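Numbering (our numbering), first residue to last: 19 to 157.
Structure, rendered in structure tokens:
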């Protein structure tokens with residue numbers, strides 16, 4: 019079992035509990051105490067509600083993480099405080115682009131627990147990625 023304490027929040031990340039195969043892409047368990055923050059699924063929409071990066075999963079993933087950053091900041095949180103990400107993609111082939119965008123804002127030693135689900139469609143046909151986040155912020 020490998021645990022990694024967070025640098026700025028009271029979180030412990032357990033990359034691979036005993037008997038569970040490790041993953042380089044997420045922590046299996048993240049625990050902590052504090053104020054819970056839930057961020058609704060974010061898509062690649064700009065502040066006017068227009069799609070950013072139509073047909074481009076990398077551009078969409080970057081916009082999604084920017085929207086998540088803004089939502090977390092509104093709650094007094096940051097990516098360091100994220101305990102869980104749930105990613106919905108219209109094609110699992112988009113996951114490398116999502117991971118690249120995630121890795122640009124979340125260091126490898128602070129990866130949250132994560133799930134990725136392929137869906138047949140999101141609420142607008144030009145959207146390829148939606149991600150929701152849960153965070154725990156110190157009291």
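Using N, Cα and C, we set each Cβ at its ideal position, and we do this for glycine too.
As the structure is a computational prediction, the values presented were derived from the model and not from experiment.
As a beta-bridge residue in DSSP terms, residue 49 pairs with 30. Counting other Cβ atoms within 10 Å of its Cβ, residue 132 reaches 16 or more and is therefore classed as buried. 61 is the residue among 85, 98, 40, 61 whose C-alpha sits nearest the C-alpha of residue 106. Assigned with DSSP and collapsed to three states, residue 157 falls in coil, not helix or strand. The alpha helix (DSSP H) runs lying completely inside the region 38 to 97 and spanning 4 residues or more are 75 to 92, given in chain order.
Secondary structure of residue 148 (DSSP, three-state): strand.
Pairing residue 117 with residue 31 gives a Cβ-Cβ distance that is not under 8 Å.
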